[in-house]
Amino acid sequence: MLDTAASPQDIEDAFYHALEHRDLSALTALWADDERAYCILPLGQRLNGLQEIMTGWELLFGQSPDLHIHLHQRTMVQDGQLAVHSVVQLVQVMSQGEQRHWITATNVFLHTERGWRLLAHHASPSVAEPDSSLVLH
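For the sequence shown, UniProt numbering assigns the number 1 to the initial residue and increments by one for each residue that follows.
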């Protein structure tokens with residue numbers, strides 16, 4: 001069970017851990033049980049509501065090889081009951097040789113009676129590796 005004092009960053013870390021380990025029950029616990037919850041997958045499919053989101057992840061887990069996800073260029077904004085995180089992910093697909101994909105994602109968290117929970121995840125393919133020479137402010 002998640003600690004109600006967990007921060008949005010704790011929830012985000014647990015989200016990517018659950019994805020790597022294909023842990024649907026852990027993933028379910030991280031999402032807000034809210035009709036406004038949505039998930040947009042890298043190929044553009046939008047999943048609405050907790051049940052549809054979990055069904056989508058279950059199908060994806062059944063089709064996906066092992067994944068390793070490394071987060072880069074994390075930025076975070078928190079104000080009141082909402083927190084927004086932007087991350088660049090290096091997703092390594094570990095089947096028939098390693099494939100590497102850069103994904104840009106936005107994660108939105110809502111503070112609920114159960115603590116911080118994921119309200120939205122929007123992932124899009126990136127065209128190239130992030131520029132490590134950029135200075136973040």
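Where a beta carbon is used, it is the ideal one built from N, C-alpha and C, also for glycine.
Note that the coordinates shown come from a computational prediction; the quantities given were computed from them, not determined experimentally.
Of D10, R22, A120 and D79, the smallest CA-CA separation from Q63 is found for R22.
Contact between L67 and L19 holds, with the beta-carbon distance rounding to 7 Å and staying under 8 Å. Fewer than three Cβ pairs drawn from the region 45-63 and the region 90-107 lie within less than 8 Å of each other, which leaves the two stretches out of contact. Taking all protein chains in view, the Cβ of L43 is surrounded by fewer than 16 other Cβ atoms within 10 Å, so the residue is classified as exposed.
Counting other Cβ atoms within 10 Å of its Cβ, A120 reaches 16 or more and is therefore classed as buried. Linking W31 to V84 through their CA atoms gives a straight-line distance of about 14 Å.
Here V77 is exposed. Its C-beta has fewer than 16 other C-beta atoms within 10 Å. Listed in chain order, the beta strand (DSSP E) runs fully inside the region 87-127 are 98-112 and 115-125, counting runs of at least 3 residues.
Here the alpha carbons of S124 and E52 stand approximately 19 Å from one another.
Distances from the CA of E35 to each of E12, H17, P65 and N48 were compared; the closest alpha carbon is that of N48. For L90 against H70, the beta-carbon gap comes to about 4 Å, under 8 Å, which counts as contact. Distances from the alpha-carbon of E12 to those of G115, F109 and E113 put F109 closest.
Apart from sequence neighbours up to five positions away, the residues of its chain that approach W116 with a beta-carbon distance below 8 Å are A6, S7, P8, D10, I11, A83, F109 and L110, ordered along the chain.
Closest in C-alpha terms to V87, from the list A105, Q99, H101 and L24, comes A105.
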